[in-house]
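In terms of numbering that gives the first Met the number 0, the sequence shown has 95 at position 96, counting the first letter as 1, and numbering is strictly consecutive.
Contents: one structure, followed by commentary.
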Amino acid sequence: MKPEQAVLNILLAGVGGQGIILAGKLLARVGITLGLDVKMSEIHGMAQRGGSVVTEIRMGPQVNSPLVERGQADFIMALEQLEAWRLIPYLKKGGTVVVSTQVLKPLPVITGKQEYPAGLAAKLSRAAGKAIILDAYGLAVAAGEPRAANVVLLGALLREMGVGEEEGLAALEAVVPARYLEKNKTAFLKGYNAVGIDYNTAG
């Protein structure tokens, strides 16, 4: 990713408690390190545990607004499949989805008022130009920090964006408290080096 390129539009999504806002801060830090103008809208929806959280980030040579229009997102990163599916109308043609395999059923599903959509991974793959689907939670557990699934997925996202791992690690060093840093670095590298399942090419 080069400073002279066009503006990148990125949506990060999950539910409260998954660390979407932290992931947004880390991604914004990476953009600033690369010399880009970065605008971020931290949250839409309910931030408490269990409510939908969406962070909008735009970065490029000059950015006037943080808001991502429908059909304009280059990347969607989601820690929960249904949250990714809800944002598909914002994905541009040929855009990339980076999503965790984790399923967190919303309250209407838990109470039986709605059904959780079946086959979301395949649907996401058909709707996106490219779909990277990772067991982010499993990789975070392997890194010794189960809460770092957000950092795992961010690693995968940055690799797809063409950002070097050094910039991602530097962002972690700048933002994450020292006592959590090493395990978060491990989680980041697991995501950065993971390929995941691309249903568009795996058949």
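Ideal Cβ placement from N, Cα and C applies to all residues, glycine included.
Reduced DSSP category for residue i - H, G, I as helix; E, B as strand; rest coil
i, result
"Ala72", "strand"
"Glu144", "coil"
"Val37", "strand"
"Ala46", "Per-residue confidence for Ala46 stands at a pLDDT of 49, beneath the threshold of 50, marking its modelled position as unreliable; no derived number is given."
"Asp197", "Residue confidence is low: Asp197 scores 44 on pLDDT, short of 50, so the model does not pin down where it sits. Its coordinate-derived value is still stated next. Correct three-state label for Asp197: coil."
"Lys1", "Only weak support is given to the placement of Lys1: the predicted model assigns it a pLDDT of 49, under 50, and the value that follows is read from those uncertain coordinates. In this structure, Lys1 counts as coil in the three-state DSSP scheme."
"Val162", "coil"
"Gly154", "helix"
"Gly18", "coil"
"Val29", "helix"
"Val175", "coil"
Cross-strand partners of residue i (DSSP beta bridge)
i, result
"Ala12", "Val53 and Ala77"
"Leu7", "Met58"
Beta-carbon contacts of residue i that lie in its chain and below 8 Å, excluding the five residues immediately before and after
i, result
"Glu166", "Val29, Thr32, Leu33 and Leu157"
"Pro65", "Lys38, Met39, Ser40, Glu55, Ile56 and Arg57"
Nearest-angstrom Cβ-Cβ length linking residue i and residue j, presumed shorter than 8 Å
i, j, result
"Gln101", "Glu79", "6 Å"
"Glu159", "Thr95", "6 Å"
"Val37", "Val62", "7 Å"
"Ser99", "Ala126", "Contact doesn't hold; Cβ gap of about 17 Å is too wide."
Proximal residues to residue i (C-beta, below 7 Å), its chain only, five neighbours per side dropped
i, result
"Lys122", "Trp84"
"Leu25", "Leu153, Ala170, Leu171 and Val174"
"Gln119", "This sequence places Leu at residue 119; Gln is not what is there. If we look at Leu119 and ignore the five residues flanking it on each side, its Cβ neighbours are Gln80, Leu81 and Trp84."
"Lys182", "Ala142, Gly143, Glu144 and Ala147"
Spatial neighbours of residue i in its chain, beta-carbon cut-off 6 Å, leaving aside the 5 residues before and after
i, result
"Ala22", "Leu11, Asn149 and Leu153"
"Tyr191", "Gly154, Arg158 and Glu164"
"Val70", "It is Gly, not Val, that sits at residue 70 in the sequence shown. Once the five neighbours on either side are set aside, the close Cβ partners of Gly70 are Lys91."
"Thr185", "Ala142"
"Asn8", "Arg57, Val67, Gln71, Ala72 and Asp73"
"Lys104", "Tyr115"
Unbroken stretches of the alpha helix (DSSP H), 4 residues or longer, contained in the segment 51-136: 80-85, 106-109 and 119-126
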